[in-house]
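Structure first, then comments.
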Amino acid sequence: ALSAARGRHGVMVQFRFGARTTSLLQIVSDRAHARYGNGLHCVQSFPFEAPVALGASVALDLNALELIENPAHHSLGSFGFREGMLQFVSFFPNAMHHPEMLPEVFDACVRRAESVSSRATGSNWAAPRLRPNSLTSLLERMRRH
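Quick note: the sequence shown, position 16, residue 35 per my numbering, numbers continuous.
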């Protein structure tokens, strides 16, 4: 991650995306789902300036790759295209909560950021594998400061 910030209800993390730009991960806990209630709402945004039809087509292709290639990250969510951004959106209801869940979700997001950056820009960067408590430790340190 290039930078990270936390707020009262979530975190924002920027990842390298090509040589000169970044992708953004937002994880917030203050948005409710109409059917599932409260939970964790995750949005990963990747810059992609293209006509709407092309952006939508690329989003569909990325959804297929998530399922077909069995990547190292989960496929709980989907890609879409909006306002010059490819976005992966997922929601985890509070009923799914488990102490190890947030580190796993974050690790999947890191892997996705690395994968999309590589595919879209040809820029590879090595995402470190997170230890189960590393995100929890990071959030604790951020809370103290």
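We treat Cβ as the ideally placed atom computed from N, Cα and C, and that holds for glycine.
Self-check item: I46 - partner residues in DSSP beta bridges
Solution: According to DSSP, I46 bridges with V30 and C61.
Practice problem: My understanding is that L10 touches F65, with C-beta atoms under 8 Å, so please give their C-beta distance in whole angstroms. | Solution: Residue numbering for the chain in the displayed model covers 20 to 164; residue 10 lies beyond these limits and cannot be assessed.
Exercise. Could you spell out where the beta strand (DSSP E) holding S109 opens and where it closes?
Key: For S109, the uninterrupted beta strand (DSSP E) segment begins and ends at M104 to P112.
Quiz item: Helix, strand or coil for F125 per DSSP?
Solution: Secondary structure of F125 (DSSP, three-state): helix.
Quiz item: Straight-line CA distance for E119 to F125?
Solution: E119 and F125 have their C-alpha atoms some 10 Å from each other.
Quiz item: Where does S142 sit, in a helix, a strand or coil, going by DSSP?
Solution: Note: S142 maps to coil in three-state DSSP.
Practice problem: Please determine, among F100, F110, R131 and I87, the residue with the shortest C-alpha to C-alpha distance to I46. | Solution: Of the candidates F100, F110, R131 and I87, the residue whose Cα lies closest to the Cα of I46 is F110.
Self-check item: Rounded C-alpha distance that separates R25 from Q33
Solution: One C-alpha to the other measures close to 12 Å.
Practice problem: Over the uninterrupted beta strand (DSSP E) stretch that includes G74, give me the two end residues. | Solution: Residue range V71 to I87 is occupied by the alpha helix (DSSP H) that includes G74, with no beta strand (DSSP E) assigned at that position.
Quiz item: Secondary structure at A132, three-state DSSP: helix, strand or coil?
Solution: Helix.
Quiz item: What residues in its chain sit with their C-beta under 6 Å from that of T4, if we drop five residues either side in the sequence?
Solution: What is shown of the chain runs 20 to 164, which leaves residue 4 out entirely.
Exercise. Measuring alpha carbon to alpha carbon, tell me which of E133, F107, C128 and S48 ends up nearest A78.
Key: It is F107.
Quiz item: Who are the Cβ neighbours of F36 in its own chain at under 7 Å, not counting the five residues just before and after it?
Solution: These residues qualify, in order along the chain: S42, F65, P66, S136 and T140.
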